[in-house]
Amino acid sequence: MDEFSYAHRDTSPESSGKGLARFNKPNIPPELQAVREGAFEREIPVAGDDTLCFLMAQVAAVKPKRILELGTAVGTTAAAMALVCPDAEIVTVEKDERFYKEAIKTFQLCCPNAKIKPIFGDAGEVIEVLAGVFDFIFMDSAKVQYIKYLPRLKQLLPRGGVLAADDVLLFGWASGEAEVPKKRRMFAAHIEEYLAAVSSDEELITSVIKVGDGIALSVKK
Ligand SMILES: C[S@@+](CC[C@H](N)C(=O)[O-])C[C@H]1O[C@@H](n2cnc3c(N)ncnc32)[C@H](O)[C@@H]1O
184 MDEFSYAHRD
194 TSPESSGKGL
204 ARFNKPNIPP
214 ELQAVREGAF
224 EREIPVAGDD
234 TLCFLMAQVA
244 AVKPKRILEL
254 GTAVGTTAAA
264 MALVCPDAEI
274 VTVEKDERFY
284 KEAIKTFQLC
294 CPNAKIKPIF
304 GDAGEVIEVL
314 AGVFDFIFMD
324 SAKVQYIKYL
334 PRLKQLLPRG
344 GVLAADDVLL
354 FGWASGEAEV
364 PKKRRMFAAH
374 IEEYLAAVSS
384 DEELITSVIK
394 VGDGIALSVK
404 K
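As numbered in this note's numbering, residues 184 to 404 make up the sequence shown, in order.
Below you can see the structure in the form of structure tokens.
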């Protein structure tokens, strides 16, 4: 399992039947649902129902012209955002070549007319060379890097732009509701640093919410 995989609890078919997932049913075509179910079966950490509904509602409200996603995996969140915002340009970055190639197939299958630009590469390197601004950024790559990416992502956001960082509550570790296992302390410390930074940043308005494994939603003033 990769470093990010344990940050997801809301992705299994079992957990999707519990709690708010009973009501949060993403309105997506069967072919995209099939890609998600295939990913769940293979334990690829793609967004669960709660997170996906939240994300789709957010982009429906923000109506971004340009979306940046860090962490494509097999393309389920990027495809869902494209279905909600068919005119948006979506740049999505993935460092795992196998996932990147699968994501391209997902886009061809589920949203062939979408303006999605998949990039195979390291998010930290890619964001340094991206031009222009993105009205909506969905950060869902390695959690330990969130704090490192924050200064550059703030530059890529226009005023009113939204930065949604996924999986920030980590089994209750970051909120203090659960004790952090010893070997995960460094990991939890990086996320706490991110949450402290966004919640005290004068240029951002941030709300940390319990959706999925926690989302920090920051809006640039
Ligand atoms: C949680 S998954 C993304 C799930 C996807 N957004 C979805 O819900 O459909 C995280 C992904 O980030 C990728 N990733 C991790 N670190 C990365 C990095 N530094 N640059 C680009 N991708 C990265 C992983 O390979 C993995 O596919």
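Just so you know, even glycine gets a beta-carbon here, dropped at the ideal spot from N, CA and C.
In this text, all values refer to a predicted model and were calculated from it rather than measured experimentally.
#1: Would you please state the rounded distance, in angstroms, between the beta carbons of residue 246 and residue 272? I believe it to be under 8 Å.
#2: When DSSP labels each residue in this structure, what does residue 390 get in the three-state scheme?
#3: Helix, strand or coil for residue 367, going by three-state DSSP, please let me know.
#4: Would you kindly work out how many angstroms separate the C-alpha atoms of residue 376 and residue 338, rounded to a whole number?
#5: Hey, residue 310 and residue 336 are a contact pair by Cβ (cut 8 Å); roughly how many whole angstroms apart?
#6: Can the beta-carbon of residue 408 be found less than 8 Å from the beta-carbon of residue 361?
#7: Can you tell me whether DSSP reads residue 238 as helix, strand or coil?
#8: What residues match up with residue 233 in a beta bridge as DSSP calls it?
#9: Please give the ranges of any beta strand (DSSP E) in the segment 274-324, keeping only runs that are unbroken, at least 3 residues long and fully inside the region.
#10: For residue 396, count neighbouring Cβ atoms within 10 angstroms of its own Cβ and tell me buried if that reaches 16, exposed if not.
#11: If we ignore side chains and look at the alpha-carbon of each, how far apart do residue 254 and residue 234 end up?
#12: Please report how far the alpha carbon of residue 193 lies from the alpha carbon of residue 346, in whole angstroms.
Looking at the atomic coordinates:
#1: With 8 Å as the limit, residue 246 and residue 272 do not qualify as a contact, their Cβ atoms being about 13 Å apart.
#2: strand
#3: helix
#4: 19 Å
#5: 7 Å
#6: Shown here, the chain extends from 184 to 404; a query on residue 408 therefore has no answer.
#7: helix
#8: Answer by DSSP bridge pairing: none, since residue 233 is not bridged.
#9: 298-303, 319-322
#10: buried
#11: 15 Å
#12: No answer about residue 193 holds up, because its pLDDT of 49 lies below 50 and its placement is not dependable.
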